[in-house]
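Numbering (our numbering), first residue to last: 163 to 532. A virtual CB, placed ideally from N, CA and C, is assigned to each residue, including glycine. What you are looking at is a predicted structure, and each value in this text was computed from that prediction instead of being measured. Input: a single structure, listed below in structure tokens.
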Amino acid sequence: TTTTYMIKSVLESAGKKTGLIGTIVNMIGQQTLHTDRTTPESPDLFALLRQMADEGCEAVVMEVSSHSLELRRVEGITFDVAVFTNLTQDHMDFHVTFDNYLNAKKKLFHHAKSAAVNVDDASAGRIMEGIEGVEWLTYGIKEEADVYARNIEITPRGVTYDLCTRQGMLPLSLKIPGIFSVYNSLSAASACMLLGVGPEIIKTGLEAMPSVAGRFEVLDTGNRPFTIILDYAHTPDSLENTLLTVREFARTRIITVFGCGGDRDKGKRPIMGEIAGKLSSYVVITSDNPRTEDPMKIIEEIEAGIKKTDCEYVCIEHRREAIRYAIHNAQPDDIIVLAGKGHETYQEIKGIKYPFDEKVVVAELLLTDE
Numbered sequence: 163t164t165t166t167y168m169i170k171s172v173l174e175s176a177g178k179k180t181g182l183i184g185t186i187v188n189m190i191g192q193q194t195l196h197t198d199r200t201t202p203e204s205p206d207l208f209a210l211l212r213q214m215a216d217e218g219c220e221a222v223v224m225e226v227s228s229h230s231l232e233l234r235r236v237e238g239i240t241f242d243v244a245v246f247t248n249l250t251q252d253h254m255d256f257h258v259t260f261d262n263y264l265n266a267k268k269k270l271f272h273h274a275k276s277a278a279v280n281v282d283d284a285s286a287g288r289i290m291e292g293i294e295g296v297e298w299l300t301y302g303i304k305e306e307a308d309v310y311a312r313n314i315e316i317t318p319r320g321v322t323y324d325l326c327t328r329q330g331m332l333p334l335s336l337k338i339p340g341i342f343s344v345y346n347s348l349s350a351a352s353a354c355m356l357l358g359v360g361p362e363i364i365k366t367g368l369e370a371m372p373s374v375a376g377r378f379e380v381l382d383t384g385n386r387p388f389t390i391i392l393d394y395a396h397t398p399d400s401l402e403n404t405l406l407t408v409r410e411f412a413r414t415r416i417i418t419v420f421g422c423g424g425d426r427d428k429g430k431r432p433i434m435g436e437i438a439g440k441l442s443s444y445v446v447i448t449s450d451n452p453r454t455e456d457p458m459k460i461i462e463e464i465e466a467g468i469k470k471t472d473c474e475y476v477c478i479e480h481r482r483e484a485i486r487y488a489i490h491n492a493q494p495d496d497i498i499v500l501a502g503k504g505h506e507t508y509q510e511i512k513g514i515k516y517p518f519d520e521k522v523v524v525a526e527l528l529l530t531d532e
């Protein structure tokens with residue numbers, strides 16, 4: 163999601179009106195439209211692309227989900243650039259096996275003229291294997307790549323690094339902290355290079371990029387002596403990356419509040435419990451979107467993982483009460499991480515979506531927990 167916003171920012175810095183299709187919102191230039199799913203159903207998608215063209219968009223950046231590729235929602239579209247960011251365990255309820263998940267993602271690159279690929283990801287080779295007629299541009303931090311980062315510095319306020327290519331070096335300063343911010347900007351820069359955008363415009367676009375809703379978003383806590391970070395981390399990899407980033411600058415405790423979605427990949431629940439336990443000082447296990455499942459059953463499955471660690475934790479079924487508990491027990495300089503919901507403004511329980519915007523919830527709780 164963040165990568166698409168970064169690419170949009172760069173293309174607009176290049177003077178191109180750009181559409182965006184994705185998880186948080188759809189956009190035509192600066193106009194926002196509601197979205198129900200990451201990649202719309204085919205009739206809705208093509209109608210949206212038609213609208214974008216009619217309203218003067220010269221480019222569209224879109225998240226293409228594995229579901230949409232498997233269900234052929236993007237059939238008939240040729241992508242000027244496809245981007246492979248990473249591949250970790252997710253959506254096993256739909257794909258069943260990791261190989262099926264990878265093969266679904268790989269279908270995107272059969273539709274592409276060119277592609278930017280993160281070679282630090284273990285699946286990069288399999289993504290590229292056997293696909294001909296595509297111009298490949300690799301990026302990374304650890305492995306040898308066409309585009310890479312050096313002299314990385316991470317602070318609570320963002321990251322700085324030198325973006326290196328065969329043509330030279332470009333110093334970057336981004337407002338979004340974390341090593342994942344480096345990877346996201348490398349992928350965005352690589353995609354824009356494949357589109358012929360010059361280095362100075364890439365720099366301008368990336369450095370103008372604000373934080374994205376629910377993606378490592380630091381919330382306003384007024385005069386409270388602790389920090390609250392809101393993040394969409396809902397997979398083992400994203401939770402680990404978020405907590406590792408927080409550990410880079412945490413001075414005291416990290417309190418993690420999270421749960422796992424119901425009617426989705428059950429295998430990740432104990433894995434995420436163990437990750438939270440290893441990387442947090444204290445964990446509050448709670449509900450995410452339990453959907454039709456028993457919330458306490460999900461919590462117990464997460465608990466099985468955290469029990470493998472020596473981390474202190476508590477189980478609180480109702481998410482609002484879990485957040486209240488974390489705020490009430492926070493000490494000076496603690497960092498509270500609210501993981502899993504991110505930009506979402508609802509909580510789905512027994513088939514009903516109840517209003518639940520964590521930014522609003524936090525603001526209300528801060529007022530009442532004086």
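Nearest by alpha-carbon distance to residue i: which of the options is it?
{"i": "Pro494", "options": "Gly435, Pro457, Phe388", "result": "Phe388"}
{"i": "Glu291", "options": "Glu232, Val172, Lys267", "result": "Lys267"}
{"i": "Gly358", "options": "Leu231, Ile478, Asp242", "result": "Asp242"}
{"i": "Pro372", "options": "Leu336, Arg431, Lys512, Ala353", "result": "Leu336"}
{"i": "Asp425", "options": "Arg199, Lys503, Lys459", "result": "Lys459"}
{"i": "Phe411", "options": "Thr383, Thr317, Pro361", "result": "Thr317"}
{"i": "Ile464", "options": "Arg482, Thr471, Pro432", "result": "Pro432"}
{"i": "Trp298", "options": "Tyr487, Asn280, Asn313", "result": "Asn280"}
{"i": "Thr200", "options": "Lys269, Ala350, Arg235, His272", "result": "Arg235"}
{"i": "Val226", "options": "Thr166, Ala209, Pro205", "result": "Thr166"}
{"i": "Ala284", "options": "His272, His273, Glu305, Lys269", "result": "Glu305"}
{"i": "Leu392", "options": "Ala501, Asp382, Ala492", "result": "Ala501"}
{"i": "Lys275", "options": "Thr240, Thr418, Thr300", "result": "Thr240"}
{"i": "Tyr310", "options": "His229, Gly295, Thr327", "result": "Thr327"}
{"i": "Ala350", "options": "Thr259, Ile364, Ile341, Ile497", "result": "Ile364"}
{"i": "Lys470", "options": "Glu436, Asp450, Leu207, Leu195", "result": "Glu436"}
{"i": "Ile338", "options": "Glu455, Gln329, Val321, Tyr345", "result": "Val321"}
{"i": "His151", "options": "Ile289, Pro205, Asn262", "result": "As displayed, the chain neither begins before 163 nor continues past 532, which places residue 151 out of reach and without an answer."}
{"i": "Tyr345", "options": "Val499, Tyr444, Thr247, Leu195", "result": "Thr247"}
{"i": "Ile390", "options": "Gly238, His490, Pro205", "result": "His490"}
{"i": "Ala286", "options": "Leu264, Val446, Val296", "result": "Leu264"}
{"i": "Val187", "options": "Ser204, Pro205, Leu210", "result": "Leu210"}
{"i": "Leu233", "options": "Arg212, Glu203, Met224", "result": "Glu203"}
{"i": "Arg288", "options": "Arg312, Pro452, Phe260", "result": "Phe260"}
{"i": "Lys269", "options": "Leu195, Leu231, Arg415, Arg212", "result": "Leu231"}
{"i": "Ile514", "options": "Pro205, Asn451, Asp216", "result": "Asn451"}
{"i": "Glu174", "options": "Glu455, Arg212, Ala370, Lys512", "result": "Ala370"}
{"i": "Val446", "options": "Glu237, Tyr394, Arg486, Phe208", "result": "Arg486"}
{"i": "Ser343", "options": "Gly330, Thr404, Thr454", "result": "Thr404"}
Keeping to the same chain, check which residues put their C-beta closer than 7 Å to that of residue i; ignore five residues upstream and five downstream.
{"i": "Lys179", "result": "Gly191, Gly218, Cys219, Glu220"}
{"i": "Ala525", "result": "none"}
{"i": "Ser347", "result": "Met168, Leu334, Leu336, Leu368"}
{"i": "Val522", "result": "none"}
{"i": "Asp282", "result": "Gly302, Ile303, Lys304, Glu305"}
{"i": "Ala466", "result": "Pro432, Gly435"}
{"i": "Glu455", "result": "Gly424, Asp425"}
Once you ignore the five residues that flank residue i on each side, which residues in its own chain have a CB closer than 8 Å to its CB?
{"i": "Tyr516", "result": "Tyr508, Gln509, Glu510"}
{"i": "Ser413", "result": "According to the sequence as given, residue 413 is Arg; it is not Ser. Once the five neighbours on either side are set aside, the close Cβ partners of Arg413 are Asp495."}
{"i": "Arg482", "result": "Phe518, Val523, Leu527"}
Among the residues of its own chain, which have a CB less than 6 Å from the CB of residue i, if the five just before and after it don't count?
{"i": "Pro333", "result": "Asp324"}
{"i": "Asp399", "result": "Thr250"}
{"i": "Ala353", "result": "Ile169, Val243, Val245, Ala278"}
{"i": "Gly181", "result": "Ile190, Met214, Cys219, Val222"}
{"i": "Ile293", "result": "Phe271"}
{"i": "Glu315", "result": "Thr322"}
{"i": "Pro361", "result": "Leu332"}
{"i": "Arg312", "result": "Asp324, Cys326"}
{"i": "Thr383", "result": "Ile390"}
{"i": "Lys512", "result": "none"}
Which partner residues does residue i have in the DSSP bridge list?
{"i": "Val222", "result": "Gly181"}
{"i": "Arg312", "result": "Asp324"}
{"i": "Asn188", "result": "Leu195"}
{"i": "Val243", "result": "Ser276"}
{"i": "Thr259", "result": "Beta-bridge pairing links Thr259 to no other residue."}
{"i": "Cys477", "result": "Ile447"}
{"i": "Thr300", "result": "Val279"}
{"i": "Ile498", "result": "Ile390, Ile417"}
Between residue i and the ligand HEM, is there a pair consisting of the residue's CB and a ligand heavy atom that are separated by less than 7 Å?
{"i": "Met355", "result": "Looking for the ligand HEM in the displayed structure turns up nothing, as the structure carries no ligands at all."}
Could you give the C-beta distance for residue i and residue j, rounded to a whole number, given that I count them as a contact under 8 Å?
{"i": "Gly421", "j": "Thr448", "result": "5 Å"}
{"i": "Thr197", "j": "Thr163", "result": "The Cβ separation is near 11 Å, so there is no contact."}
{"i": "Glu474", "j": "Leu441", "result": "About 13 Å separates the two Cβ atoms, so there is no contact after all."}
{"i": "Thr407", "j": "Ile341", "result": "6 Å"}
{"i": "Cys477", "j": "Ile461", "result": "5 Å"}
{"i": "Ile468", "j": "Tyr444", "result": "Between Tyr444 and Ile468 the Cβ distance is about 11 Å, and since that is not below 8 Å, they are no contact."}
{"i": "Ala375", "j": "Val419", "result": "Ala375 to Val419, Cβ: 18 Å. No contact."}
{"i": "Arg386", "j": "Leu529", "result": "11 Å between Cβ atoms; not a contact."}
{"i": "Arg409", "j": "Gly504", "result": "Rounded, the Cβ-Cβ distance is 20 Å, inconsistent with contact."}
{"i": "Gly423", "j": "His396", "result": "7 Å"}
Should residue i be flagged as near chain D, meaning a C-beta pair shorter than 8 Å?
{"i": "Leu270", "result": "Among the protein chains of the structure shown there is no chain D, as only one such chain exists."}
**Request:** Taking only runs that begin and end inside the region 422-473, name each unbroken beta strand (DSSP E) of 3 or more residues, in chain order.
**Result:** 444-447
**Runs of alpha helix (DSSP H) wholly within the region 379-428 (minimum 4 residues, chain order)** = 398-411
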